[in-house]
Structure formats: structure tokens, C-alpha cells
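Residue numbers (the numbering used here): 446 to 847. Structure first, then comments.
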Ligand SMILES: [Zn+2]
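Here it is as C-alpha cells:
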């Protein structure tokens, strides 16, 4: 590093801290993006500089990034730098890394930015959870994304990949890497990987998947069993505070990544077991007379994983917006298996509650259009609230901790 580039990096980092502090103090923002943007404008390689000398784990995929990142951070222990605000593009990563000096970092990476983030942060480990349709109006076609990951991983010589062996698109992306720890984790959503990414023939599922061209599910090092995990021959009991089979899979992949950087599995698991909420997800909240448990789901695969884990009693409230951050096209609601909610009452919230109600009507699910001013009832059961991105933020603001 030349003296000039070292000087420029120092100025950029100082300004990131200054701008973020000012942003926080003025109440205009949480200071997680604006400072990073300023830093990148002064030194386009600020992310490279801030990553140097750290052991970094990246987490990417369509669903479960924030939760898995939080699990890695918890399992690693103290002094871990992380972008827990959910700002997962370069500016957010710069802001997170500039805020703390720790030698260990776990960073959630937007799946569309993974190639650049990989090249700049030079992580020890990258965790690839899954790939499925998301934000129909603007996101890349999911196979294009898998191809871009594949190219990026072929170029990243030193990275160890922890990848979901049950998602054919993730396997296609990760098989170009030199070193992969494959994970057999619950992956119910198959609708984006019916055909082979190599030859386009239909994949055979019996019950695991393969193609007649030879592309097949790799042997897994990590396996999620009924009530325990097996990682590299070590069997661990599963006792998570967080609900759902999908969170068992997230924990398995988080632990595999930590094992790869030398963290003791038993200690890490005991710290992950007590994680009870992640940025408001899975948290119990109060709203008037109601006790709510908040869940985030923002695409068909996310709903598919979440719906079976909802409490069996009580109302289900679903809140759907279709703003910029959600994707403007809500037609993905037709890919969500709402039919599994037959026999339950679903209250429809959000800007697009009428679209949701129409979808539930086709699915044969009882529904009511929510009207905030008419919500005066007293309920004893915990209400399960499932909201997509901006709707979730609204529910988090509207409610208070129990
Ligand atoms: Zn094939």
C-alpha cells in the first residue's frame, strides 16, 4: 500500500465515522449507509482497506441472511463486527466495518452484490443459503444470479464455501469453488430449480435430486436430523429458541462456518441456542390489547418455509406492501402456498391487502380485511403477524416490546 493510498483510506474511514455520527445525532437516520457512501466516494477501495487483517465470514442468499448472520455473530462470541442493521450493500458494509476495530467480522451480503463484496472483502468463508425468486420487477433472473456467483467463486482462490447441498442453483454456483463444505438442510422450496442449470433437462427427485447429465446433490458434511445436527462427525443436540425447521438449517450453516474458522462447536451452539429474536423477527410485541409475534417473509420461498412454523392457535395477520424496497409487483402472492392456511382466519393488512384477500379467496382461506380503527377486540391467544419488508418495519414501529 503506498503512502498516498494509506492516507486516502484513513481520510475515508474518518469521514465515514464522522458522517454516521452526525446522521445519528441529527435523528435523520441510523447512519448505516450515508457515511459508507461518502467513504466510497473518497476512496473506492475503502471496503478492501477496512477488510484487510480481519477474518471475515460472508452470508448471502435470498432468505435467512439476516438471521444466519446474527447466529454467526452470536456463536463467535464477543468483539465481532457485523452489519446487523440489514444494510447489506457495499456502503452498509463500509459503515459497519468503520464502526469497530475487531479482528472478526460477519457480514450479510446482498445476493446481487456478492461478486463485488467477495472480491473486496476477501473473506475466509462465504455461506450460501439458497436462491429463489424475489422482487419480480427488478431483481435478476435467479439463474443469472447463480451464474454470476459461480464465476465469482471460480476467481476466489482462498475462500471456503459453506453451501446448501439441497438447492440445485446453489450447488451449481458453489461447485466452481476450490473448497466447499456442503450442508444437508431443510429446503422445501423447489419451484425455482426444476430443471438442470447445466443441460436444462428436468431434475430427477427420488428423494434427493440429480440429473441424467451427472449433475447431482453432493455428499454433505453437515446434516440436520430430527432433534440434532451432525457437523463434520460432531453430533450436537438442537435446542433453539427461534422457531421453525428453516432456523435449524440456518443454525447448521452458521455453525459449519464457525467450525471452519476454528470456533468450538459446543460453545458456539450454546450461544446460538439463546438467540430469541433477530431485528424484531420472531419477537413478541404488544399492540393495544393484542400480543403479537412478528415474522418477516418477503417472497414465496420465505412464506413456504415460515407458514408451517406459525402457532397453531390464534389469528394470523398478513401484511403486504408493494413499495420500492418490496418490489412493485405483488403477483408473487399467487406462488405462496396459502392453501395450507385453510381452516384459519387470516386478517389482511398493508397497502396491498385487497390483492392478498383476492389470493386468499382463491385459496379457500377465510379472511377479513383489517380496519385499524375497528380493532378493539380483546384476544387471549398470541396473534401471528407475517409481514413483507416495508410492512414489517411498520409493524415494528407500531408495536412495543412485551
Ligand atoms: Zn443436467
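Even for Gly, the Cβ is constructed at its ideal location relative to N, Cα and C. Treat the numbers as computed from the prediction; the structure is a model and nothing was measured.
Cβ of residue i within 8 Å of Cβ of residue j?
{"i": "residue 513", "j": "residue 458", "result": "no"}
{"i": "residue 595", "j": "residue 549", "result": "no"}
{"i": "residue 750", "j": "residue 830", "result": "no"}
{"i": "residue 608", "j": "residue 616", "result": "yes"}
{"i": "residue 791", "j": "residue 811", "result": "yes"}
{"i": "residue 814", "j": "residue 786", "result": "no"}
{"i": "residue 832", "j": "residue 737", "result": "no"}
{"i": "residue 708", "j": "residue 521", "result": "yes"}
{"i": "residue 628", "j": "residue 730", "result": "no"}
{"i": "residue 766", "j": "residue 579", "result": "no"}
{"i": "residue 625", "j": "residue 694", "result": "no"}
{"i": "residue 665", "j": "residue 508", "result": "no"}
{"i": "residue 529", "j": "residue 576", "result": "no"}
By the three-class DSSP mapping on this structure, what secondary structure does residue i have?
{"i": "residue 567", "result": "coil"}
{"i": "residue 602", "result": "coil"}
{"i": "residue 765", "result": "coil"}
{"i": "residue 686", "result": "coil"}
{"i": "residue 792", "result": "strand"}
{"i": "residue 785", "result": "helix"}
{"i": "residue 573", "result": "strand"}
{"i": "residue 661", "result": "strand"}
By the 10 Å Cβ neighbour count, where 16 or more other Cβ atoms means buried, how is residue i classified, buried or exposed?
{"i": "residue 689", "result": "buried"}
{"i": "residue 602", "result": "exposed"}
{"i": "residue 816", "result": "exposed"}
{"i": "residue 639", "result": "exposed"}
{"i": "residue 645", "result": "exposed"}
{"i": "residue 735", "result": "buried"}
{"i": "residue 756", "result": "exposed"}
{"i": "residue 633", "result": "exposed"}
{"i": "residue 670", "result": "exposed"}
Using DSSP's beta-bridge definition, name the partner residues of residue i.
{"i": "residue 846", "result": "730"}
{"i": "residue 837", "result": "Residue 837 pairs with nothing; no bridge assigned."}
{"i": "residue 738", "result": "729 and 829"}
{"i": "residue 650", "result": "654"}
{"i": "residue 627", "result": "608"}
{"i": "residue 673", "result": "682"}
{"i": "residue 552", "result": "503"}
{"i": "residue 667", "result": "628 and 676"}
{"i": "residue 814", "result": "793"}
For residue i, which option in the options has the closest C-alpha, if you only look at C-alpha atoms?
{"i": "residue 502", "options": "716, 575, 706 and 813", "result": "706"}
{"i": "residue 526", "options": "638, 552 and 507", "result": "552"}
{"i": "residue 505", "options": "545, 524 and 561", "result": "561"}
{"i": "residue 569", "options": "704, 818 and 509", "result": "704"}
{"i": "residue 511", "options": "610, 725 and 806", "result": "725"}
{"i": "residue 565", "options": "490, 635, 464 and 838", "result": "490"}
{"i": "residue 636", "options": "818, 488, 470 and 779", "result": "779"}
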